[in-house]
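Under UniProt numbering, think of the first position of the sequence shown as 1, with each following residue one higher. For glycine and all other residues, C-beta sits at the position ideal for the given N, C-alpha and C. All of these numbers come straight from a predicted model, not from anything done at the bench. A quick write-up on the structure given underneath.
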Amino acid sequence: AFECDPDFCPVCGSILPLPGLEDVVSCKLCDFQRDTAEFEEVEIHSKKRFNVDKEKRTTDDRKNDDTSGPMVDRKCPNCGHEGMTYMTRQTRSADEGQTVFYICTDCRF
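Shown next as structure tokens:
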């Protein structure tokens, strides 16, 4: 056993469930039990943050999203600007390579 925060199991380190109506809080992984009296003065604060709707995002926010990746020396076929960012996505099955998407930092092509 090791010393840890009361929200964690001192035997295996797992997060303990929130106290309920029972007299003890039991670890789901190793069956360690802690008396719920240890949680009487504990305050739990939580905050939910939702994703910003795409419609509410500004043009500058959208521009920075696509063009903030790693840079590569590549000429844009649309405007001729030298320098593009790229990102990769797994668009096919796992045994095939990733697809590389290039985005011009000037015209966003």
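Asked: Compute the distance between the beta-carbons of T85 and V100, then report whether it is under 7 Å.; Found: no
Asked: Name the residue from C76, F8, I103 whose alpha carbon lies nearest to the alpha carbon of F39.; Found: F8
Asked: Just to confirm my understanding: we take H45, look at its own chain, exclude 5 residues before and 5 after, and list those with CB closer than 6 Å. What are they?; Found: none
Asked: Quick check on the DSSP output: the beta strand (DSSP E) that includes E82 runs from which residue to which?; Found: 82-89
Asked: Take P17 and list the residues in its own chain whose beta-carbon comes closer than 8 Å to its own, dropping the five residues that flank it on each side.; Found: V25, S26, K28
Asked: What's the call for C4, buried or exposed, on a 16-neighbour Cβ count within 10 Å?; Found: exposed
Asked: Would you identify the three-state DSSP class for F101, choosing helix, strand or coil?; Found: strand
Asked: What are the boundary residues of the beta strand (DSSP E) that includes D73?; Found: 71-75
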